[in-house]
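Engineer:
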Amino acid sequence: MRTVLSSPGRCLAVLLTSCALLWTSWQIPAWYRLGSADAATLAMLVQLWQQPILVVGLLVVANAVVLYHATLLLALPAAPASLLDRPSYLADFVFWLCIVFHLSSLLLLLLLGGGWLRLNPLAP
Numbered sequence: 117m118r119t120v121l122s123s124p125g126r127c128l129a130v131l132l133t134s135c136a137l138l139w140t141s142w143q144i145p146a147w148y149r150l151g152s153a154d155a156a157t158l159a160m161l162v163q164l165w166q167q168p169i170l171v172v173g174l175l176v177v178a179n180a181v182v183l184y185h186a187t188l189l190l191a192l193p194a195a196p197a198s199l200l201d202r203p204s205y206l207a208d209f210v211f212w213l214c215i216v217f218h219l220s221s222l223l224l225l226l227l228l229g230g231g232w233l234r235l236n237p238l239a240p
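With the sequence shown counted from 1, adding 116 to any position gets you my numbering.
#1: Can you give the Cα-Cα distance for W165 and L175, rounded to whole angstroms?
#2: Does L190 pass the burial test, meaning 16 or more other C-beta atoms within 10 Å, or should it be called exposed?
#3: Have a look at T119 and Y148 and give me their C-alpha separation to the nearest angstrom.
#4: Please state if the CB of V216 and the CB of V182 are separated by a distance shorter than 8 Å.
#5: Excluding the five sequence neighbours on either side, which residues of its own chain have a C-beta within less than 7 Å of the C-beta of L225, listed in chain order?
#6: Should F209 go down as buried or exposed, given a rule of 16 or more other Cβ atoms within 10 Å for buried?
#7: Can you tell me whether DSSP reads S141 as helix, strand or coil?
#8: Just to confirm the assignment, what range does the alpha helix (DSSP H) spanning G267 have?
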């Protein structure tokens, strides 16, 4: 049963879903801008939606989900003999994609915390 849960396809689906949800949440103010000309409301929406605490919380939750449902399942085998049974190139590729996701999220958090990256994507 555990080998079905730790399949590379399912782990890749978790990773892609997390990335898609992060991207969608980041694009909400830009979608509002497409249908409205009210600059004050747009600025309020950007300040509300892209608060540092909210962005950090979303990144932490996304990293926890990817870690628990993808990275650890690929890193830790169900049984010692299962390492010999699976085609390792596909699982290893998805595992390294998960590692890149975790490292890029950490870099983004460091850039935000250091003040080197602004959160407002709608600024001129």
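Where a beta carbon is used, it is the ideal one built from N, C-alpha and C, also for glycine.
Structural biologist: The answer reads as follows:
#1: Translated into the one-based positions of the sequence shown, residue 165 becomes position 49. Translated into the one-based positions of the sequence shown, residue 175 becomes position 59. CA-to-CA, the gap between W165 and L175 works out to about 14 Å.
#2: The residue you call residue 190 lines up with position 74 of the sequence shown. L190 comes out buried.
#3: As a first step, residue 119 is located in the sequence shown; it is residue number 3 there, counting from the start. As a first step, residue 148 is located in the sequence shown; it is residue number 32 there, counting from the start. In this prediction, T119 has a pLDDT of 47, which is less than 50 and means its spatial position is unreliable; what the coordinates show is noted afterwards. Distance between the alpha carbons of T119 and Y148: 43 Å.
#4: Translated into the one-based positions of the sequence shown, residue 182 becomes position 66. Translated into the one-based positions of the sequence shown, residue 216 becomes position 100. Not a contact, by the Cβ cut-off of 8 Å.
#5: Residue 225 sits at position 109 when you count from the first residue of the sequence shown. Only V172 and L175 meet the Cβ criterion.
#6: On the sequence shown, position 93 is the one that residue 209 refers to. Counting the other Cβ atoms within 10 Å of the Cβ of F209 gives fewer than 16, which makes it exposed.
#7: Counting from 1 along the sequence shown, the entry for residue 141 is found at position 25. Assignment of S141 by DSSP, reduced to helix, strand and coil, places it in the helix class.
#8: Any question about residue 267 goes unanswered here, given that the chain covers just 117 to 240.
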